[in-house]
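Notes for the one structure printed next.
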Amino acid sequence: MNFNEFAAYVKRNESNIAGNLYICSKFLIGLNSNPQFRALPDPSSPARLSMVRLVVVKSGWYEPIINSKKYRCGPGDLLFINWGVTISGDSIGVETIIDGFALSEEFMKTVFNGNLPQVFLSPGKCIKLHLEENESSVIQEYLKTMYNLVQISSINSKTINALFVAIFSLVESFYSIEIPLANRQWTRHKETVERFIRLVNDNIKQKHELEFYASQLYMTTHYLGIVIKNETGTTAREWIDKELTIQLEQELKYTNKSLKTIATEYNFNSLSSFCKFFKRRTGVTAGTYRTEGNLY
Numbered sequence: 001m002n003f004n005e006f007a008a009y010v011k012r013n014e015s016n017i018a019g020n021l022y023i024c025s026k027f028l029i030g031l032n033s034n035p036q037f038r039a040l041p042d043p044s045s046p047a048r049l050s051m052v053r054l055v056v057v058k059s060g061w062y063e064p065i066i067n068s069k070k071y072r073c074g075p076g077d078l079l080f081i082n083w084g085v086t087i088s089g090d091s092i093g094v095e096t097i098i099d100g101f102a103l104s105e106e107f108m109k110t111v112f113n114g115n116l117p118q119v120f121l122s123p124g125k126c127i128k129l130h131l132e133e134n135e136s137s138v139i140q141e142y143l144k145t146m147y148n149l150v151q152i153s154s155i156n157s158k159t160i161n162a163l164f165v166a167i168f169s170l171v172e173s174f175y176s177i178e179i180p181l182a183n184r185q186w187t188r189h190k191e192t193v194e195r196f197i198r199l200v201n202d203n204i205k206q207k208h209e210l211e212f213y214a215s216q217l218y219m220t221t222h223y224l225g226i227v228i229k230n231e232t233g234t235t236a237r238e239w240i241d242k243e244l245t246i247q248l249e250q251e252l253k254y255t256n257k258s259l260k261t262i263a264t265e266y267n268f269n270s271l272s273s274f275c276k277f278f279k280r281r282t283g284v285t286a287g288t289y290r291t292e293g294n295l296y
């Protein structure tokens, strides 16, 4: 399930969801929401998520099964769910009240300018933290401020992005305190995935070929492809193309560079090859995206 599918589900059930909701094309926010604001619309059907969720339980209980592990959450618990997780169950108390948000994987990368903090880099990661009362209050105030700001039509999108960064930075800080580095569990394959993603983030402007990343990791393209696919559910080729697309969208959205300049800076053979790649990935031309893509 991707973000657009989840947002569509929330819209269809908006009349049954208590509290305050804001939904746009890249993220949604829910304050004082009831059990309808759950991660999995159909708890009986397992789903791999292609979006990011953050939930703070204010009252009641919430118990999703993520990557075959139960996460029992009560008042004061925060749950961060990264893209790539598989949810096979999603139980929630009838009186439960939660705050939280969901956003697309692409948007999360955008707010961090492609440089995700290490703790959020691994696809399929789930973090449960118990917050002290003052910590929970701070997170809830940030969410409330964000909700109020998006109601202002003239608000700059960079302001909203900065609030997302602030919230994720708080989660990173709480995580580093509650779960010391020595106690974190890493597998060799998960470490490979993180190294691959970091390499893509750092080199995508000039390197678009899978062979380059495989060579940097001292692997064959075939073996790297197997590891990435098994760990994330997405092919290595798709990771590369997706990251390249995100960066091109940022260039078109936030700079006045000509299309030819962007094509050259991103090492396309020609302006034509850049335009064909962008149209194939997004369904619109680069020129159309530049004039219309700034809308949330």
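Okay, so the sequence shown: first residue is 1 according to this note's numbering, each after it adds one.
Where is the CB? At the ideal position from N, CA and C, for every residue including glycine.
- Assigned with DSSP and collapsed to three states, LYS70 falls in strand.
- Within the segment 201-271, the alpha helix (DSSP H) runs of at least 4 residues that lie entirely inside it are, in chain order, 210-216, 221-232, 236-254 and 259-265.
- In the structure shown, ALA18 adopts coil according to DSSP, grouped into three states.
- Annotated as distal: ILE177 and TRP239, with beta-carbon spacing of 8 Å or more.
- Counting only residues of its own chain and dropping the five nearest sequence neighbours on each side, ARG281 has a CB closer than 6 Å to the CB of THR245.
- With respect to the C-alpha of LYS58, the residue from SER68, ARG48, ILE228 and ASP99 having the closest C-alpha is ASP99.
- Judged by beta-carbon spacing, LEU224 lies beyond the 8 Å limit of ARG195, meaning their Cβ atoms are not closer than that value.
- Between LEU170 and ILE160, the gap from beta carbon to beta carbon reaches 8 Å or more.
- The DSSP assignment places 133-150 and 157-178 as complete runs of the alpha helix (DSSP H) inside the segment 126-194, in order along the chain (cut-off: 4 residues).
- Assignment of beta-bridge partners to GLY30 by DSSP yields LEU21 and GLY100.
- With a threshold of 16 other beta carbon atoms within 10 Å, HIS189 falls short and is exposed.
- Across the structure, LEU49 and LEU199 are spaced so that their CA atoms are roughly 23 Å apart.
- Annotated three-state conformation of LEU54 is strand, per DSSP.
- Sorting THR264, ASN256 and CYS126 by C-alpha distance to the C-alpha of VAL52 places CYS126 at the top.
- With contacts defined as CB atoms closer than 8 Å, ASN201 and ASN115 qualify as a contacting pair.
- Distance between GLU135 and CYS73, taken at the CA atoms: about 16 Å.
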